[in-house]
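Chemist: Reading the sequence shown from the start, the letters are residues 1 to 395 in full-length UniProt numbering. Ideal Cβ positions, reconstructed from N, Cα and C, are used throughout, including at glycine. Remember, it's a predicted structure, so these values are computed and weren't measured experimentally.
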Amino acid sequence: MSKWNVVLSTTEPYNYVGMIQVRQGNKNTEVMEATIVENGLPYDLSECKVYFESVVGKKFPVQLDAKIIDAKKGKIQYTFDKYSMQCLYEQTANFIIFKGEDLIGTTQDFSYFVINAVSKTEGEMGSYWQSIEDLIADMTDFINENKGDFTDWMNERKEEFERWRQEQEHSFQDWREGQESDYLAWFESIKDILKTIDPGGTMLAELVDARVDIQGKRHNSISERLLADMNYLYQKLRTSLFTIEYAEIEVVDILQDDLFSRNHEIEKVESIENNISEGALIVATIDDKEQRVFTLEEVVIDKILTINPYIAGKTDWITGTCKVFDATKIGIEINGKKKDIVPSNELKNGTFKYYTGKTIQLGDQVQVVLYDNMTIELTRKSVVVQEEGESIGEG
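Laid out in structure tokens, this is it:
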């Protein structure tokens, strides 16, 4: 069973894994389970081998097998041993990924903290070679450089270990005399907090990964990343549709679409009569090298709005007819004050009505306003409310 469950990224600048504290001499108990990710997604370790790497104490390189427990989800397991725990205090490590003979990935560095065992760890340590080939190569180099035979090589390894043992003993004594009490007091004060808030640093790692947008760019906050993604998707959609904003064109615009045939499919079903005067006629020949540019010229639009007579105190509805393309909503203004804007299906048929009750008084200035689906004003017309029998003055 693993003591620590962490997330290690191959793309993030730093892996925060919380406090991983291992004790020298513990065998097969200091187990770490890690999920390797790339750009926030699990790294597929199928047909791969993973190795733990560290320069322990900044002078003893070690490379040790890690166990893959779920290749598709990028899950591995590593057990700290006497080689990865041979030096005290903070150590830095990473995992490397091989596929066949090729190195295909490396996680960013993470830290772990080694504390002293009650009894000394037996055996030689120093540099550790993962393969027997590396060990033989080191011994061969030693002999070829005329430093001595196999016995001399072994003696040098023993001397190396003795130097390391003495250095570690002196280093630990110095640390204990100067900082042990402060460190233990600090660690006890935050240990429960770390375990409760974010065991293994998983939550923090996920939050950090959440700052990376669709294009792989890192942002200072998640909200900034979401805005960037929204803008990117909007621009991509807009580009793919080659749309232009609705408006009357006052100058000649030239549009060039080299990807027209890839973005549009046209099928003529039948011909119908259409009396709508607003719009633009585009005549273009697809795949004709002589005609790859078309123009949209100004379109003169007649907006016709007629309001039926409105008599104060007698009529509850403002009614009329209209010929306004894209009008889907209607509203009124009474003496400059806007009333509710409401959708109206009747506008499609060229008529409209708006309920007012008996709120309009004699002499009120009333304006009828038509809007499109985005509540953009299309046209308006005003009337003066009069008594029954009087003529209606239009403005």
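1) Can you tell me which of Ile68, Glu47, Ser344 and Pro61 puts its alpha carbon nearest to the alpha carbon of Glu101?
2) What would DSSP say about Arg165, mapped onto helix, strand or coil?
3) Label Tyr355 either buried or exposed according to how many other C-beta atoms from any shown protein chain fall within 10 Å of its C-beta, with 16 as the threshold for buried.
4) Where does the unbroken beta strand (DSSP E) through Gln21 begin, and where does it stop?
5) Measuring only the C-alpha atoms, how far is Gly357 from Leu233?
6) If I measure Cβ to Cβ from Thr379 and keep anything under 7 Å in the same chain, skipping five residues before and after, which residues do I get?
7) Output needed for Glu387: all residues of its chain with C-beta closer than 8 Å, excluding positions within five of it in sequence on either side, in chain order.
8) Who are the Cβ neighbours of Asp44 in its own chain at under 8 Å, not counting the five residues just before and after it?
9) For the beta strand (DSSP E) that Pro309 lies in, which residues bound it at each end?
10) Near Ile69, which residues of its chain fall below 7 Å by C-beta distance, leaving aside the five closest residues on each side in sequence?
11) In the DSSP assignment, the beta strand (DSSP E) including Gln215 goes from what residue to what residue?
12) Assign Ala34 to buried or exposed, taking buried as 16 or more other Cβ atoms, counted over all protein chains shown, within 10 Å of its Cβ.
13) Am I right that Phe60 and Phe95 are in contact with their C-beta atoms under 8 Å? What's the rounded C-beta distance?
14) Taking its Cβ as the centre, do 16 or more other Cβ atoms sit within 10 Å of Lys329, making it buried, or is it exposed?
15) Considering Ala66, what are the terminal residues of the beta strand (DSSP E) in which it resides?
16) Quick one: measure Cβ to Cβ for Ile341 and Thr375, integer angstroms, because I've assumed they're closer than 8 Å.
17) At the level of alpha carbons, what is the spacing between Phe98 and Asn373?
18) Tell me, please, which residues DSSP counts as bridged to Ile115.
19) For Glu209 and Ala185, I'd like the C-alpha separation in whole angstroms.
20) Met32 lies in the beta strand (DSSP E); which residues open and close that run?
21) So, helix, strand or coil for Val6, using DSSP?
Modeler: To lay it out plainly:
1) It is Glu47.
2) helix
3) exposed
4) Gln21 to Arg23
5) 46 Å
6) Lys303, Leu305, Val324 and Leu370
7) Ile311, Ala312 and Leu362
8) Ala71, Lys72 and Gly74
9) In the DSSP annotation of this structure, Pro309 is not part of any beta strand (DSSP E), being labelled neither H nor E.
10) Lys75, Ile76 and Gln77
11) Here Gln215 belongs to no beta strand (DSSP E), and DSSP marks it neither H nor E.
12) buried
13) Rounded, the Cβ-Cβ distance is 18 Å, inconsistent with contact.
14) buried
15) Phe60 to Asp70
16) 6 Å
17) 58 Å
18) Arg23
19) The sequence given here has Asp at residue 209, not Glu. The straight-line gap from Cα to Cα measures roughly 33 Å.
20) Here the beta strand (DSSP E) through Met32 covers Val31 to Glu38.
21) For Val6, the secondary structure class from DSSP, reduced to helix, strand or coil, is strand.
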